[in-house]
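So for the sequence shown, our numbering puts the first residue at 6; every next one is plus one.
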Amino acid sequence: MSKLMEGKIGIVTAAGSGIGRASAVAFAEEGAKVVVSDVSEETGEETVRLINEAGGEAIFIKCNVANETEVENLIDTGLSNKVCKL
Numbered sequence: 006m007s008k009l010m011e012g013k014i015g016i017v018t019a020a021g022s023g024i025g026r027a028s029a030v031a032f033a034e035e036g037a038k039v040v041v042s043d044v045s046e047e048t049g050e051e052t053v054r055l056i057n058e059a060g061g062e063a064i065f066i067k068c069n070v071a072n073e074t075e076v077e078n079l080i081d082t083g084l085s086n087k088v089c090k091l
């Protein structure tokens with residue numbers, strides 16, 4: 006069965022808990038490689054662990070979306086060839 010987001014990359018901010026975490030997990034369940042982002046490294050890494058243990062592919066990039074430079078880094082790093090080949 007084909008998954009809706011197979012071959013795609015999902016960048017999810019505030020993915021350390023709540024709706025952000027649920028969205029990141031849902032993207033992974035649909036086949037996306039997920040870039041998990043949050044201001045908390047601890048909770049963001051926990052989301053990555055949950056996704057990877059369930060058979061998905063995810064990495065964590067710390068980002069405060071109120072900081073334009075950090076957002077640019079999130080996008081640049083998240084879409085780089087290195088990350089795309091998780």
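Beta carbons are placed, not taken as given, at the ideal position from N, Cα and C, and that holds for glycine. If you're wondering where the values come from, they're calculated on a predicted model, not measured in any experiment.
Around the beta carbon of Arg-54, fewer than 16 other beta carbons lie within 10 angstroms, which makes this residue exposed.
Apart from sequence neighbours up to five positions away, the residues of its chain that approach Ala-19 with a beta-carbon distance below 7 Å are Gly-25 and Asp-43, ordered along the chain. The C-beta distance from Gly-83 to Val-30 rounds to 17 Å, too long to fall under 8 Å, and the pair is not in contact. Membership of Gly-15 in the beta strand (DSSP E) is indicated by the continuous run 14–17.
Remark: C-beta atoms of Phe-32 and Glu-50 do not approach each other more closely than 7 Å.
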